[in-house]
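Notes follow once the structure below has been shown.
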Amino acid sequence: MGHRPSREEVATPNAVETFRNSSNIQAPVTVTSRLQIDPSRVVTRQKNLVFRVTGLPASQTNDALVDFIRKNLLKGEEQSQSKVTASIVPSCSNNKQETVALVEFGGRVPDFLSALDANPLEDWQVEMGDVDINFDQHFFGFTQLYTPKADKPVTADIIAITGLDGHAYGSWRGKGNLGRMWLRHFLSKDLPYCRTMTYGYNSKLSARGIDTIMDYSRGLMEALKKIRNTEELRQRPLFFIAHSFGGIILAHCLVKAVQTNEDDHPTVATLHKATYGMLLFGIPHKGLVVNDIEKMLAGRDNHPRSALLQQIRVKSDLLENQLTDFKNLVLDRKVVSFYETRQTRQLQFDSDSQRWERTGDFITKVDNDSALLQLPDFMEDKIPLDSDHSMMVKFGNRNDTGYTSVLDKLQQFEQEASNVVKARFSRVQRTSTVKYFIPYTSNPDFVGRSEILKLLKDQLGHTRRTNSTSQARASLYGLGGTGKTQIALEYAFQLQKTHPTVSVFWIHASSAARFRQAFASIAQKYDITGYAEPKVDMPLLVRGWLEEKDRGEWLMIIDNADDMQLFFGQPAGTTTSPSKEKDEEHLARYLPECAHGTILITTRNKQVGVRMTKGQQPIEVLRMNEEESAQLLRARLKDTSATVAQLSALSSQLEHLPLALAQAAAFIQETSITVHKYLQLLSNSDMDIVHLLSRDFETVGRDTEAPQAVAQTWMLSFQQIEQQHALASELLSFMSILDRQDIPAEFLSHYGEQAGDGVPRGEMELTEALGILKAFSFVTETTDSGSFDMHRLVQLVTRKWLTSRGTISRFSTEALMTVSNM
86 MGHRPSREEV
96 ATPNAVETFR
106 NSSNIQAPVT
116 VTSRLQIDPS
126 RVVTRQKNLV
136 FRVTGLPASQ
146 TNDALVDFIR
156 KNLLKGEEQS
166 QSKVTASIVP
176 SCSNNKQETV
186 ALVEFGGRVP
196 DFLSALDANP
206 LEDWQVEMGD
216 VDINFDQHFF
226 GFTQLYTPKA
236 DKPVTADIIA
246 ITGLDGHAYG
256 SWRGKGNLGR
266 MWLRHFLSKD
276 LPYCRTMTYG
286 YNSKLSARGI
296 DTIMDYSRGL
306 MEALKKIRNT
316 EELRQRPLFF
326 IAHSFGGIIL
336 AHCLVKAVQT
346 NEDDHPTVAT
356 LHKATYGMLL
366 FGIPHKGLVV
376 NDIEKMLAGR
386 DNHPRSALLQ
396 QIRVKSDLLE
406 NQLTDFKNLV
416 LDRKVVSFYE
426 TRQTRQLQFD
436 SDSQRWERTG
446 DFITKVDNDS
456 ALLQLPDFME
466 DKIPLDSDHS
476 MMVKFGNRND
486 TGYTSVLDKL
496 QQFEQEASNV
506 VKARFSRVQR
516 TSTVKYFIPY
526 TSNPDFVGRS
536 EILKLLKDQL
546 GHTRRTNSTS
556 QARASLYGLG
566 GTGKTQIALE
576 YAFQLQKTHP
586 TVSVFWIHAS
596 SAARFRQAFA
606 SIAQKYDITG
616 YAEPKVDMPL
626 LVRGWLEEKD
636 RGEWLMIIDN
646 ADDMQLFFGQ
656 PAGTTTSPSK
666 EKDEEHLARY
676 LPECAHGTIL
686 ITTRNKQVGV
696 RMTKGQQPIE
706 VLRMNEEESA
716 QLLRARLKDT
726 SATVAQLSAL
736 SSQLEHLPLA
746 LAQAAAFIQE
756 TSITVHKYLQ
766 LLSNSDMDIV
776 HLLSRDFETV
786 GRDTEAPQAV
796 AQTWMLSFQQ
806 IEQQHALASE
816 LLSFMSILDR
826 QDIPAEFLSH
836 YGEQAGDGVP
846 RGEMELTEAL
856 GILKAFSFVT
866 ETTDSGSFDM
876 HRLVQLVTRK
886 WLTSRGTISR
896 FSTEALMTVS
906 NM
C-alpha cells in the first residue's frame, strides 16, 4: 500500500534529537508542570504526533479518512491500540478539488510512517483508491489549521512564520500535558472567521541547505502567490505572526514587496497594503546570538549553514540596513513586539550521549534592543513575556498571559482592519492623483540659467528613470542671493508641464519646526493614516508613505538646507547646544529613499549639499552673466528708459547677483527714480551700498519667514557660522578688513597661530575653517597661488555686521598686527 522513500542525507535521528529541546521537531515529550514534583508520583502523557495529509479529494470526511487509515495502513495491534483522529481543512491554494487533513496518532508513530520518524524532512505517499495521498511531518509551505465558520465572510488571513530550525506546527505547540497548538485549537474558537495558516520552510541546521535570507524571502513570496491569487484574496486584511528568524524573513519580504510592480506580481505588490498588523516575537532585528550554533558546526568543514549564520549574527550589516527599511514600512501599521524576560541555555556537547544539548550557560538569546523596533509607544506595543526565546510562542492554555495578550491584539486587528485595508485599496486611484505642493506661483520674470536647468534635468531626468532601482538626488549650492530657490522653482514648474504625472513637494528647511510643518502639511493634504495621532512623528510617517511604490513618481525640493548640524547632528567631539532640542537634529533621516522619488536640495553650504546627495557632485550656482543680468533688470523694470550702458553698470556694481538686482529694481520702482540716480546712490559711499542692500522687498519665490534683503540673508549665514565654527567666523571677520583680493594664505596661518582666544590653531583646523567659508561661497581660493579672494559686497556686509556688533576695531587691530609682522 505504501512506497518507502530513499533515505537521502536530509536529517539523522541524532541530528533531529539534538534540537528537540528547542522545539524543532514535534517529538513525543513527557511533560510536567514547572513545579518540582516527585517524578514517581506523576502520571505522564505523551503528545499526539501530528502529520499533514495532502491530495485528499474535496469530498473527504474525517471519519472516512480515519477508517481508511485503520483498515488499510495500521497493522496488527495498531488497529486496536492506536488512537487516530483526523481534521479535514481547506487547501490553502484555494483548490476546491482537494482538501488537507491534520492526522494525529496517539502514542508511537505507526509502522507505515516509521520512515518519517527517522527522516522528518521526507514525504510518504499512499494509494487511496484512484488518488495518491501524501503524508508529511515537516509542514513545509502553507497549512490551514481550521475551517472558518461559513455564516459570515472570512475577515482576515493570519499567517504564522516560525524561526530558525523551527517547525511550522511544533514550534507553536504548548508544553501543557494536552499538547495544544494554540493557533489551531484556541484561535479556531476565539477567531472563527479568520483563515489561520502556518508557513514552514527548511531551515534545519542539520540539513546541508545553502539558503540565505533572500532565498527564504523569495520562497515565502512565491508561496503567497498561490494562496492569495484572486483580487478578493489580495485585498483581504493580513495579520502576520512571526517568531525569531521568521520575522527577518517577513521584514525582507515586505521590503521587497513595496519595490514590486503590481502589473508583474499583483499578490506580492499588494502585500504591504493588505498588511494591517503584525505580532513579532523575539525578532533579532539587530542580530541573534549564534556562537553556540557556530561551535556545533565548527567540526564540519565548510558547513553550508555558516553563511546564513553570518547574515543573522549580532551586529550584522545586512540586518542593520534591512531594519531601517522595515521601520519605515510599518509606521502606519499595527506593530506588537513581544520580548523574552528569561534566559535560554546555550547548546553544549554532551560527551556521554554524544549529542549537543541545551545544558550550557544561560544567555539572553535576543535582547530588548534587538527585539524591539524602538518606535514610539503609540506606533509599537512592547510586551514582555515571562519565557525564554523558545517558549515565548508556546501557549499551553487559553488563560496563558501571553495568549490573552495575543488574542486581545488579534481581536482588535479583526475589528479595525476591514475598513482600513479597504480604504487603502479604494484610495489607490485617489492617492495616485498628482499633487503640486508648492507654496509659490511661477515667476514670470525668471530669465536665463539654461545650463543649470539642463544639469538638473540630466541628474533628475524622470523620463530616463523608468527602470531605475536607485534614487536620484541633486543639490544647488552657492552664495545667498544667487537664485538657487528661483532655479528650483522654475525646474518644478517646467517639470509640471513636461511630466504632469510627477507630484512635487516643497519642504522649507531653514529650521526644524518649518521642516516638520511641511511634512505635517503633506500628511494632512493626503489624509495619511495616523497623521491625526497626537504623538505621531510626522516626517517619519510621511517618509514611509512616500516610499510606497503606489504613490507614483514624485520630486521633493528641500529649500534652504543650510545648517549641517540640523540635518546630521553635532560633529564628533562637540557639545550639543542647550538651545537645540535633540529631536531637531538628524533631519536627513527623514528624507524618503526610493527609486520612484527624486530629491533636489538648495543650500548655501556646499558641504550640506554633498552630504545630502550622498556624494553626488553638487551644482554651483554662480552669479549671472552680463546678458542674464540685463534680461533680469529689463523684466523687473518693465518700461525702463535706461540705456544698455546703465543697466550694464548697475549689474557690475551689484556683481551680477540676482537677489541684489531684484532688490535694486524694487527700490527703483518704489521710489520712482531712474537707474542713473540709483547708480549715483551706489557711488556715494560704502555705507550707502550696505544700506541699499539691507532694504526689505517683495518678490516671487522668496520665503516670507526668511530675510528678504541681501545683507540680512548673508548675516544670517554669518551668525550660523559663528555658532558652529568659531574659527571660520573669526577668519571671515579678519579677511573682511584686508584688501579683498589675493589675501595671502600666510596671513591666515599667522592669524590662526595668534587666535583671539589664545589657543593656536593647527593646519587641519585652519583648513576646515577655510573649507566652511568656501562652502558658503564667501571666499574663493585661487588654484595657482593659493591666495584667497572675497566678494566685494560680502566684504562690505561683513564689515557692517562687525560694526553692529562692536568688534570691528578688534579685528582691525589684529589685521594691522598681522600685516606688520609678515
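For the numbering used here, count along the sequence shown from 1 and bump the result up by 85.
Even glycine gets a Cβ: it sits at the ideal position worked out from N, Cα and C.
- A distance below 7 Å between beta-carbons, with the five flanking residues on each side excluded, links G481 to the following residues of its chain, in chain order: G259, K260, G261, R265.
- The beta carbon of Y675 is closer than 6 Å to those of P624, R628 in its chain, skipping five residues each way along the sequence.
- Distance from the CA atom of V174 to the CA atom of S490, rounded to whole angstroms, is 27 Å.
- A573 and V478 have their C-alpha atoms roughly 54 Å apart.
- Taking the CA atoms as reference points, F522 sits about 20 Å from D622.
- Assignment of K467 by DSSP, reduced to helix, strand and coil, places it in the strand class.
- Note on V729: under 16 other CB atoms within 10 angstroms of its CB, so exposed under the neighbour-count rule.
- Between H357 and L339, the beta carbon gap of about 5 Å places them in contact (Cβ cut-off 8 Å).
- Contact between the stretch 593 to 606 and the stretch 639 to 649 is present: 3 or more CB-CB pairs across the two stretches fall below 8 Å.
- Exposure of S905 is indicated by the presence of fewer than 16 other C-beta atoms within 10 angstroms of its C-beta.
- The continuous beta strand (DSSP E) containing G362 extends over residues 360 to 366.
- Boundaries for N219: no alpha helix (DSSP H) harbours it, while the beta strand (DSSP E) harbouring it runs 216 to 221, taken from the DSSP string.
- Taking every protein chain shown into account, the CB of F463 has fewer than 16 other CB atoms within 10 angstroms, so this residue is exposed.
- A straight-line Cα-Cα distance of about 10 Å links T687 and M697.
- The beta carbon of Q716 sits closer than 7 Å to those of V532, G533, all from its chain and outside the five residues before and after it, given in chain order.
- Burial is judged here by how many other beta carbons sit within 10 angstroms of a residue's own beta carbon; D485 has at least 16 and is buried.
- Rounded to the nearest angstrom, the gap between the Cα atoms of T297 and L249 is 12 Å.
- Nearest to W799 by alpha-carbon distance, out of S256, Q433, H270, V882, is V882.
- Here E405 carries a helix assignment [DSSP, helix/strand/coil].
- With 16 or more other Cβ atoms from the protein chains shown falling within 10 Å of its own Cβ, A608 counts as buried.
- The alpha carbon of G445 has as its nearest neighbour, out of N287, Q428, Q459, the alpha carbon of Q428.
- Between the C-alpha atoms of K494 and F325 there is a straight-line separation of about 12 Å.
- Nearest Cα to E866 within the set S802, H671, I684, L833: L833.
- Residues of the same chain with a CB within less than 7 Å of the CB of K237, apart from the 5 flanking positions on each side, are Y278 in chain order.
- One Cα belongs to N413, the other to F225, and the distance between them is close to 30 Å.
- For E212, DSSP records a beta bridge to D217.
- Residue environment: L263 is assigned as exposed (fewer than 16 neighbouring CB atoms within 10 Å of its CB, all protein chains considered).
- Inter-residue distance for D202 and V421 is about 36 Å (C-alpha atoms, whole angstroms).
- Under DSSP, S172 forms a beta bridge with L187.
- Annotation for L801: the continuous alpha helix (DSSP H) segment containing it runs 795 to 809.
- For the stretch 621 to 704, the continuous beta strand (DSSP E) assignments of 3+ residues that do not extend past its boundaries occur at 639 to 644, 682 to 688, in sequence order.
- Residue ranges of uninterrupted alpha helix (DSSP H) with 4 or more members, entirely inside the stretch 432 to 503 and ordered along the chain, are 453 to 456.
- With a cutoff of 9 Å on beta-carbon distance, A749 and L718 are scored as near each other.
- Around the C-beta of G847, fewer than 16 other C-beta atoms lie within 10 Å, and the residue is accordingly described as exposed.
- By the criterion of a C-beta distance shorter than 8 Å, V169 is surrounded in its chain by V151, I154, R155, L159, V188, E189, F190, G191, once the five residues flanking it on both sides are discounted.
- A distance below 7 Å between beta-carbons, with the five flanking residues on each side excluded, links A342 to the following residues of its chain, in chain order: V353, A354, L356, H357.
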